[in-house]
Structures are given as structure tokens and as C-alpha cells.
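**Student:**
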Amino acid sequence: MLSLRGIAVTNHVNKYNEKFAVEGLVRAYEQSWNEEFPVSVNHDHTKCIGKGCWGGIYVEPGTVYQTNEIQLPENDDEGDDLQGHLLFWERQKKYTDKKDLHIKLEEMLDGVLSDKHKWFWADAVTIVDKDIVERIFPEIISELQNGLYPIKLLTPVLPGVYKKGDFLIYAHSYFRRNLSRLNSLNTELLSRLENIKEDELDVKIALDFDMIGLYGTQCSSREYQYWWGPSFDDNLSNIQNGVSRYENENYNELMSNIRQTEFSWYTQDERKTFECEEITDIPNIVSGGDEYYGCRFTHSMLDGESGLPYHLDGAIRAYTDEKMLTRLDVSLVQTERDTVYTKIWRIDNKMPIPMWKELITHWYRDNHLIGEYFGGVDKGSNQNVVVNQNLNSDHKQSILAKYVPIDLKKKQGIRFSMQFHKKFISSEKFDVTIISNDYIIKPDCHEKYYESEALTLIKVVRKNGANIRLPYMKRIAFDDTVMNFPIFRCGSMQIAQIVQKSILELCQAWNQSECDRLLSYSLQINLEDKSVMYSFAGNVFDIEKFILEIGTSLPNQNDIPSWINRISEISNFIFEESESFKVTELMRADGSLHFDRQWIDKKYIEGTSVDDKGLYTTLMLSDNDRTAIENDGVNVSMVYEIKSSQCNHCGKDYSQCNCIKFINKNILEQIKEYEGIGLVWTIHHA
Numbered sequence: 104m105l106s107l108r109g110i111a112v113t114n115h116v117n118k119y120n121e122k123f124a125v126e127g128l129v130r131a132y133e134q135s136w137n138e139e140f141p142v143s144v145n146h147d148h149t150k151c152i153g154k155g156c157w158g159g160i161y162v163e164p165g166t167v168y169q170t171n172e173i174q175l176p177e178n179d180d181e182g183d184d185l186q187g188h189l190l191f192w193e194r195q196k197k198y199t200d201k202k203d204l205h206i207k208l209e210e211m212l213d214g215v216l217s218d219k220h221k222w223f224w225a226d227a228v229t230i231v232d233k234d235i236v237e238r239i240f241p242e243i244i245s246e247l248q249n250g251l252y253p254i255k256l257l258t259p260v261l262p263g264v265y266k267k268g269d270f271l272i273y274a275h276s277y278f279r280r281n282l283s284r285l286n287s288l289n290t291e292l293l294s295r296l297e298n299i300k301e302d303e304l305d306v307k308i309a310l311d312f313d314m315i316g317l318y319g320t321q322c323s324s325r326e327y328q329y330w331w332g333p334s335f336d337d338n339l340s341n342i343q344n345g346v347s348r349y350e351n352e353n354y355n356e357l358m359s360n361i362r363q364t365e366f367s368w369y370t371q372d373e374r375k376t377f378e379c380e381e382i383t384d385i386p387n388i389v390s391g392g393d394e395y396y397g398c399r400f401t402h403s404m405l406d407g408e409s410g411l412p413y414h415l416d417g418a419i420r421a422y423t424d425e426k427m428l429t430r431l432d433v434s435l436v437q438t439e440r441d442t443v444y445t446k447i448w449r450i451d452n453k454m455p456i457p458m459w460k461e462l463i464t465h466w467y468r469d470n471h472l473i474g475e476y477f478g479g480v481d482k483g484s485n486q487n488v489v490v491n492q493n494l495n496s497d498h499k500q501s502i503l504a505k506y507v508p509i510d511l512k513k514k515q516g517i518r519f520s521m522q523f524h525k526k527f528i529s530s531e532k533f534d535v536t537i538i539s540n541d542y543i544i545k546p547d548c549h550e551k552y553y554e555s556e557a558l559t560l561i562k563v564v565r566k567n568g569a570n571i572r573l574p575y576m577k578r579i580a581f582d583d584t585v586m587n588f589p590i591f592r593c594g595s596m597q598i599a600q601i602v603q604k605s606i607l608e609l610c611q612a613w614n615q616s617e618c619d620r621l622l623s624y625s626l627q628i629n630l631e632d633k634s635v636m637y638s639f640a641g642n643v644f645d646i647e648k649f650i651l652e653i654g655t656s657l658p659n660q661n662d663i664p665s666w667i668n669r670i671s672e673i674s675n676f677i678f679e680e681s682e683s684f685k686v687t688e689l690m691r692a693d694g695s696l697h698f699d700r701q702w703i704d705k706k707y708i709e710g711t712s713v714d715d716k717g718l719y720t721t722l723m724l725s726d727n728d729r730t731a732i733e734n735d736g737v738n739v740s741m742v743y744e745i746k747s748s749q750c751n752h753c754g755k756d757y758s759q760c761n762c763i764k765f766i767n768k769n770i771l772e773q774i775k776e777y778e779g780i781g782l783v784w785t786i787h788h789a
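Positions in the sequence shown are counted from 1; adding 103 to them yields the working numbering.
1. Please report the Cβ distance between LEU689 and ARG518, rounded to the nearest whole angstrom; I am assuming they are in contact, meaning their Cβ atoms lie under 8 Å.
2. List the DSSP bridge partners of ASP416.
3. Which same chain residues end up closer than 6 Å to ASN769 when comparing Cβ atoms and leaving out the 5 residues on each side of it in sequence?
4. Among the residues of its own chain, which have a CB less than 8 Å from the CB of ASP645, if the five just before and after it don't count?
5. With a Cβ-Cβ cutoff of 7 Å, do LEU292 and HIS465 count as a contact?
6. Of the residues ILE254, ILE763, LEU626, THR258, which one's Cα is nearest the Cα of LYS307?
7. Quick one: give me the first and last residue of the alpha helix (DSSP H) that MET458 is part of.
8. Who are the Cβ neighbours of ASN495 in its own chain at under 8 Å, not counting the five residues just before and after it?
9. Are the C-beta of ILE509 and some C-beta of chain B separated by less than 7 Å?
10. Short of 7 Å in beta carbon distance, which residues of its chain neighbour ALA612, apart from the five on each side in sequence? Order them along the chain.
11. Helix, strand or coil for ASN491 per DSSP?
12. Secondary structure at GLN174, three-state DSSP: helix, strand or coil?
13. Going by beta-carbon coordinates alone, are PHE400 and GLU380 separated by less than 7 Å?
14. Are the CB atoms of ASN452 and LEU271 nearer to each other than 7 Å?
15. Are the stretch 625 to 633 and the stretch 578 to 586 touching, with three or more C-beta to C-beta distances below 8 Å?
16. Which residues in the same chain have their Cβ closer than 6 Å to the Cβ of LEU257, if we skip the five residues on either side of it in sequence?
17. Between which residues of its own chain and VAL488 is the CB-CB distance below 6 Å, once the five residues before and five after are set aside?
18. Can you round the beta-carbon distance between PRO412 and MET454 to whole angstroms, since I take them to be within the 8 Å contact cut?
19. List, from N- to C-terminal side, the alpha helix (DSSP H) runs of 4 residues or more that fit wholly inside the stretch 175 to 238.
20. Taking a contact to mean a Cβ-Cβ separation below 7 Å, would you say PHE377 touches SER347 in this structure?
21. What are the residues that DSSP puts in a beta bridge with GLY345?
22. Roughly how many angstroms separate the alpha carbons of GLU778 and GLU744, rounded to a whole number?
23. Which same chain residues end up closer than 6 Å to TYR637 when comparing Cβ atoms and leaving out the 5 residues on each side of it in sequence?
24. Does DSSP put GLN759 in a helix, a strand or coil?
25. Are the stretch 549 to 565 and the stretch 747 to 766 touching by the rule of at least three beta carbon pairs closer than 8 Å?
26. Compare the Cα-Cα distances from PRO176 to each of SER106, ARG468, LYS526 and report the closest residue.
27. Within the same chain, show all residues whose beta-carbon is closer than 8 Å to that of ARG572, passing over the 5 residues directly before and after it, in chain order.
28. Using beta-carbon positions only, say whether VAL742 and VAL713 come within less than 7 Å of one another.
29. Quick test of your reading: THR113 and VAL162, contact by CB under 8 Å. State the CB separation rounded to the nearest angstrom.
30. Who are the near neighbours of GLU139 in its chain, counting only those whose CB is closer than 8 Å to its CB and skipping five residues on each side?
31. How would you label HIS498, buried or exposed, when you count the other beta carbons within 10 angstroms and need 16 or more for buried?
32. Is the separation between the beta-carbon of ASN387 and that of ASN249 shorter than 7 Å?
33. Express the C-alpha separation of ARG130 and ASP226 in angstroms, rounding to a whole number.
34. Per DSSP, what kind of secondary structure is TRP89 in: helix, strand or coil?
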């Protein structure tokens, strides 16, 4: 499976003018951290392409992120496995978890259900059965006008969802994305239709007579894919009669069914008439065993005196294969009117032009060409914001990132992440177990390692009273001042606090000696029903400042949301928001933070030598790369395995003695035996 990681949502104000509280983000993640969910293209559940899960919480100065991970199949076997996961998810969400409520709804409908009825979930416990609404509420049929029902007679509980006695009835399934009940209703359009306050306007919609729900089980869902909500002016004049065809430049069968959109103005019986049709060449309707191409269609007429629209309706025109082939070759005014035609909504009497444009735009949800045609201005976009960009600076940064993927300087703040995992088996003999996910990759094997300076932290933790298990793995030294410490899997919250205290002690020692270092480290602790991993990264100057402010104590399970909110507040207060890097460049899939290094390919290394003054490397580089390296202070750092070392004070093996460099004065570790592994780029020279 191909794994992709990214950002699901942040605590910033979004384009719907909503903002998620930090504690709310954490609680929502805690409730569903171990659940998988289907991943669809553009919220179209007829186009399910993978599965996803929540990846954790990430904090930087100014922003809190909820991350996610998506897995996409790369072959048929993985695709079949994915379908199995998705079917299980569908059964669990729609049926197993709601079984008692579905049975209750069946009992309430006893005597009127056919033997072909099916359970369904449409943001409520629902049953799908042919003409079920007509059988339960025959009075609705008498109120229909050309197949449409007056919206003023409905009682909305959600856009497109209406209370009728103890039941829910729904707007027509063609109000849903790709005309499928699997998808959400067009809430933007339905909400606008339901909230039209002009008494003289007569608004009617089509209902779904084959679906009925249980009142009280409804819940709202939000699609945080921004739909262009433009504002319009009153200008319809000067539009000449004729047909305009807008091709979808980004047409793709997976990403968008919309192949083209046509706009037509003509005069009929001295009335200016507008029509618009959106063309898809992907079948999206199955009826009677036949496939049809359902295309959204709009028809409207303008009043001759005022120039205002006095009639507007939306419909679906369904084409057979043969008729669609013909339709693609002709313009809108030349089309035959013998398609399967279903009117979905209608408004009569004069209406303001901005409202008219807005309704048409929302009817064609996900089609941005409509708003552009009408000259709409999207107040939610950033298209009018002037951004001061220094192109030379951006270019320099992109070149530097080629050699040094991530850097955090003093006062740029710490980065923090939190991710839940399954509980781990605690050791009865050790307070802390060291876990590393770093490997030296060799042609014949992968060897696990930990970075050299982690040994010093382990010695500080032992000094502070915790017993640590360090499994056998390679000890690798990078000749720079970047340190990625492994995961400290702690037996209790008190032990984790000892590790945090030891980190503070070590950072204070480094800062007193004015060592400019980068540090990342992670703590994992068992909670009641899961474990939690906290990970920190930053310049040691900022990490000391942060820990002194937040303290070394860690929260119990119930207090995690408020604690992370406090981390965000303190981070925003003591550090300035600065240009950052992508979350996934620092945060690994397991939630740990890690400063990646760029290894130098052996084909560029012409030779290396060492003398009493240091390491010398001859590299074969282009003139542009050489200039960039010289200008940005990029240098080469040696990577080597430490096989043995000695304490200069007691003469013992440094890994076995009680002396601690950086903490105890005049303590040095003397490397006795080592083996070179390779070279990496660095701007943090040791």
C-alpha cells in the first residue's frame, strides 16, 4: 500500500468562518484514533480510492494540526484487501452499530414495508424501500405540483432532511453529489432554498419517496472541502443571445465527472431565456438495469419589463449511451428534448439577480465555472491578498533544503506531537526501555541503531534514579550538533517525568557551554486503555525555555486535551510564529519527531582523508551546487559507528562508567575504535 500523510484540519479560522478549539481537536482524535475510514475523491463515495486514519496532533508556534494518514492500493491484491476493509467498515457503521435502532424503525413501519426493504445510513438511521414515503404519508402526494412539493410545508431539521411525525423524509437523491444516495445532500443549495424569506417567492423541491428515517437519529456532517461561495452584482444586461461552452481544463474521470458546461441565452415568446447544462460522460444513474448519464440542467426566464428572473428551476437530464454520443457533438440549443427529465427544484415570481446567480451556482456544486461565468467574487479566497515574497530568498531556501531538509534556529520555537498507540508490554525489571526505529541500510541487512549522544541522556536518567534497558543496537555518531534521541518507553508517568527532568538538565548544560544544538526526543507511556507518545523537537535553547515554562510533569489521561492546549498557548506566548516546514517533514508515521539528514551519494565522493586537523573530503559537484554550498555554509559531516570509547576521568568504558560528559566538569569521551559509514550534509558543524 502507498502511504500518504498530511493535514486534516487546524485550529485556524477556516473559510466557513469556523474555528476548532485545541481541546476539541484532541478529544475528537482520542475518540477515533484507532478507527479506519474510507477515503473518497472530492467526498464522492462512489469513488472510494483508499482507507485512512487519524495520525495525531502536531503543535508549532501559531498553529495546532490534526494530521492523517491515507493508504492507497498499488496492485490488485491490495485493492481486494482494501475492499474487504471498506465492506467491514460499511457494515459496522451503517448496520452493526445501529442494529437496535434499525429494528426499532422496522417495527414502527410494520405492515407497510416490502420484503425488498434495506437498512441504510444517510446521516440517520434510514430504510430504503420503493414508495415507502407515499405509503406512510399519502397526503403528501395530494400536495405535489408537477412532482414538486412546496418547501414551506416542510419542517427542516437539517438541510434537505425534514421531520414528519416520528420520521424523517429527505430531499430527492439527485440533490446528492454524483446523484447517489451514498453521498451527502447539497446542503448549500437546500439551506438557501429553505431560508428564502421573500413571501412572494414560491419554492418547491422534489422529495425522495423511497427513503424514510428515524427522527432523533439524525446528525449533521461537514465536508471541509471549500466550496466556492461567490457574491454577485445585479448585472445581467448586455448578455448577448448565443451559446458559450466552457471546457473543463482539469477533466479527469477520477477527480471530476464534469467534461464541459454550456450556457445558452435565447429569446422565446419575447422572453429572454437562460439555460445551462453540465455534461458528464461517466454513467451515474442505474434505472431498470440500464445506465444513464445524469447531467444537471437549469432553465430560467426573465421578465421583459424589469429584467428580473421570474422563473428558475433545476433538473436532471439523463442520456442513454446513444443520446450522449450525439449530445457531445452538438451545442445546447441543438439538443433534442427527449431525455429522461426529472425536475428537482423550482422557484417562481420575481427574484433578485444576486440570489438567482447564487442559487444556480450552488446547484452546480463543485463546478467553479458557473461562478466564473457570472463574474462572482469569492470573499472566502485569498486571491486578493497581496503577499510580499522575496523570490531570491525563496530560491535560496529551496536550494538549502536540498542539503539540509529541516532546520530550527534559536527562538524559532519547539515542535510538539502527540499520538496514541496500543498499550505496550511493560518490563518488570526496567523502568525505561529504549526503542529505536532507525536503521543503517546495508546491501545484505538492515541494522538498528541509536544516535551517539543518546547514551549521555541514558546516563543522566540512570543518575536520576530510573533503571533503563538498552537493547543491543549499533551506536552511530554524526559529526554534527543534531541529535535525534530514540523513544523512551516509560513504565509510569513518574518515570517519564524523570526522563523529562533529565532532558532539561542536559539542555541546561549544553546552553551554559553555548552549544548550538538541535534535539528531538520521544516519550511513550501506557494509559488506561492505550499508550500515548509525546515527541519534542527544537533548538536546545528553546527546549530548555519551554520545559521551564510548562514543567516536567505530564498529564493523566483525562487532562491531555487541556495540557496540549496549554502547550499551544505557551508556545504562542514565548515564541514568535515564523516560516515553517511541512509537518510531515519532521513528524514520522508513528508520531515521533525527527530531524532528517541528507546522505551524500557515494558516486559524488571522490575521496576522503583524516589528519590531526580534521576530515577532508573531495566531492564531484556542479558549479551551481558548489556555489550554493559555499554561500549557505553547508559542510560535510562524517558518520561512523562507535565500537569502543573510554572515559578520560576513570579510564573505564564510557558506556559503563558513572561519569557524564556535559554534566560533570572536565569529563571527555575518548573514541578508541570506530568505523566510517558515510557522509551527510550539515550546517550544524560539530
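Even glycine gets a Cβ: it sits at the ideal position worked out from N, Cα and C.
**Tutor:** From the atom records:
1. 6 Å
2. HIS402, ARG449
3. Cβ within range, chain order: n/a, list empty.
4. LEU511, LYS513, LYS514, GLN515, GLY516, ILE517, PHE678
5. yes
6. ILE254
7. Per DSSP, MET458 is one residue of the alpha helix (DSSP H) stretching across 456 to 466.
8. Bear in mind that the predicted position of ASN495 carries a pLDDT of just 44, short of 50, making it too unreliable to give a figure here.
9. Looking for chain B here will not work: only one protein chain is present.
10. Listed in chain order, the non-local C-beta contacts of ALA612 below 7 Å within the same chain comprise PHE765, ILE766, local neighbours out to five positions each way being set aside.
11. Low confidence applies here, because ASN491 scores a pLDDT of 39, under 50, leaving its location unreliable; read the following figure in that light. In this structure, ASN491 counts as coil in the three-state DSSP scheme.
12. strand
13. Against a cut-off of 7 Å, the Cβ pair of GLU380 and PHE400 comes out as a contact.
14. Against a cut-off of 7 Å, the Cβ pair of LEU271 and ASN452 comes out as no contact.
15. Taking a cut-off of 8 Å on C-beta distances, the stretch 625 to 633 does not touch the stretch 578 to 586, as fewer than three cross pairs fall below it.
16. TYR265
17. Unreliable positioning characterises VAL488 in this predicted model, as indicated by a pLDDT of 37, which lies under 50. The coordinate reading is nonetheless provided below. So no residue of the chain qualifies.
18. 6 Å
19. Look at the stretch 175 to 238 and you find these whole runs of alpha helix (DSSP H), each 4 residues long or longer: 179 to 197, 202 to 211.
20. no
21. TRP368
22. 5 Å
23. Cβ within range, chain order: MET521, LEU626.
24. Residue state, collapsed to three classes: coil.
25. yes
26. SER106
27. SER530, LYS532, PHE533, VAL535, THR536, ILE537
28. no
29. The Cβ separation is near 11 Å, so there is no contact.
30. LYS154, GLY155, CYS156, HIS188, TRP192
31. The predicted position of HIS498 is uncertain, since its pLDDT is 44 and thus under 50; a value taken from the coordinates is nonetheless stated next. With fewer than 16 other Cβ atoms within 10 Å, it is exposed.
32. no
33. 21 Å
34. Outside the shown range of the chain, which is 104 to 789, sits residue 89, and nothing can be said about it.
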